[in-house]
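J.: So that we are looking at the same thing, I have put the structure below in structure tokens.
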Amino acid sequence: MYKKMIICAAIALMASACCNNEGNSCSKETASQNNGVSFEEVLKTRRSIRSYDSSKTISEAEVRQLLTAVQEAPSWANQQPSKYYVAIGKEKLEAVQNLVGGNKDRIKNAPVLIVCTFEKGKSGFFQGNPANELGDYWGAYDNGLSNCYLILQARAMGFDTLIMGMRESDKLRELFAIPPEEMVTAVISLGYRLGEPKQPQHRPLDEVAKFF
Ligand SMILES: Cc1cc2nc3c(=O)[nH]c(=O)nc-3n(C[C@H](O)[C@H](O)[C@H](O)COP(=O)(O)O)c2cc1C
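In terms of our numbering, the sequence shown has 202 at position 183, counting the first letter as 1, and numbering is strictly consecutive.
Dropping the structure here:
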């Protein structure tokens with residue numbers, strides 16, 4: 020009996036040490052619970068937001084916290100080709116607003132705009148040569164994965180996003196001095212939703228997935 024109690028106490032102590040140790044899975048679980056949203060809620064409430072609340076701001080520290088999520092994303096051979104250029108100051112924000120074509124009015128009150136790129140010739144490459152027919156598409160694939168982590172983490176933190184494929188890549192490259200080795204993909208707006216968005220229609224599961 021006494022031996023059993025000692026074993027139980029030791030297990031409890033180990034569990035509490037695990038949860039107090041920064042960076043381990045226990046502390047991460049606690050952090051996401053503190054945000055008060057379940058993963059299912061994040062998935063269900065994440066929507067493309069095309070109207071932002073101009074009275075709310077987001078700090079650089081919050082964006083930094085958000086971007087730690089992209090560091091967790093998987094990538095080809097852990098190449099981590101995704102890069103992010105964050106417009107958070109007035110001047111750069113205004114400049115980016117003018118480089119997203121017809122999206123301009125949709126994101127004009129978003130306090131943060133993030134330009135996404137990926138480094139070419141990394142994901143999908145082995146010793147400098149494409150590993151298969153997809154070549155640099157794998158970089159775009161990895162960037163999409165990272166961006167997915169970003170938008171879901173944003174929702175978990177109570178923020179909203181819009182991924183924009185309509186953007187002027189050459190001018191964005193110039194604005195942020197993005198090197199030629201990187202390919203500009205999307206611009207993502209970050210802010211707080213103003214009103215509730217329309218629910219998009221989803222294709223039936225049997226049209227999307229085939230079971231054999
Ligand atoms: C790669 C990509 C590019 C997109 N580009 C735009 C865009 O330029 N403008 C826009 O309003 N929405 C854009 N969207 C958002 C989609 O229209 C949206 O994800 C889709 O209608 C489903 O709605 P939901 O995101 O609310 O689920 C883009 C989404 C993706 C993934």
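Cβ atoms here follow ideal geometry from the backbone N, Cα and C, with glycine treated the same way.
Taking just the CA atoms, how far does Pro199 sit from Lys75?
T.: The alpha-carbon of Lys75 is positioned some 35 Å away from that of Pro199.
J.: I'd like the span of the alpha helix (DSSP H) that includes Ile126, first residue to last.
T.: Lys123 to Ile126
J.: So, with DSSP's three-state summary, where would you put Glu60?
T.: helix
J.: Can you tell me which of the three DSSP states Glu66 falls into?
T.: Looking at the sequence provided, one finds Arg at residue 66 rather than Glu. Three-state result, Arg66: coil.
J.: What ranges does the alpha helix (DSSP H) occupy inside the segment 118-165, keeping only unbroken runs of at least 4 residues that lie completely in it?
T.: 123-126
J.: What residue range is occupied by the uninterrupted alpha helix (DSSP H) comprising Lys109?
T.: Lys109 to Gln116
J.: Contact between the segment 145-164 and the segment 187-196 is defined here as three or more beta-carbon pairs at a separation below 8 Å; is this criterion met?
T.: Touching, no, given that fewer than three Cβ pairs across the two stretches are closer than 8 Å.
J.: Using a Cβ-Cβ cutoff of less than 8 Å, which residues in the same chain neighbour Ile170 once the five nearest sequence positions on both sides are dropped?
T.: For Ile170, where only same-chain residues beyond five positions count, the Cβ hits under 8 Å are Arg65, Thr180, Ile182 and Ile207.
J.: Is DSSP giving Glu193 helix, strand or coil here?
T.: Secondary structure at Glu193: helix, using DSSP grouped into helix, strand and coil.
J.: Mind checking whether the beta-carbon of Ala205 lies closer than 7 Å to any heavy atom of ligand 1?
T.: Yes, the beta carbon of Ala205 sits closer than 7 Å to at least one heavy atom of ligand 1.
J.: Per the contact definition of three or more C-beta pairs closer than 8 Å, is the segment 76-89 in contact with the segment 127-135?
T.: yes
J.: I need the boundaries of the alpha helix (DSSP H) containing Asp179, first residue and last residue.
T.: From DSSP, Asp179 is part of no alpha helix (DSSP H) but of the beta strand (DSSP E) over Asp179 to Met183.
J.: Between which two residues does the alpha helix (DSSP H) holding Glu187 run?
T.: Where Glu187 is concerned, there is no enclosing alpha helix (DSSP H), given that its DSSP letter is neither H nor E.
J.: Over the uninterrupted beta strand (DSSP E) stretch that includes Leu209, give me the two end residues.
T.: Glu201 to Gly210
J.: Just how far apart, CA to CA, sit Val56 and Lys217?
T.: 21 Å
J.: Check whether the Cβ atoms of Phe145 and Glu201 lie closer than 8 Å to each other.
T.: 8 Å or more divides the Cβ of Phe145 from the Cβ of Glu201.
J.: Could you compute how far the alpha carbon of Ala114 sits from the alpha carbon of Ala106?
T.: 9 Å
J.: State buried or exposed for Lys63, treating a residue as buried only when at least 16 other CB atoms are found within 10 Å of its CB.
T.: With fewer than 16 other Cβ atoms within 10 Å, it is exposed.
J.: For Gly210, count the other beta carbons within 10 Å of its own beta carbon; 16 or more makes it buried, fewer makes it exposed. Which is it?
T.: buried
J.: Check whether the Cβ atoms of Thr204 and Ala173 lie closer than 8 Å to each other.
T.: No, Cβ-Cβ distance for Thr204 and Ala173 is not below 8 Å.
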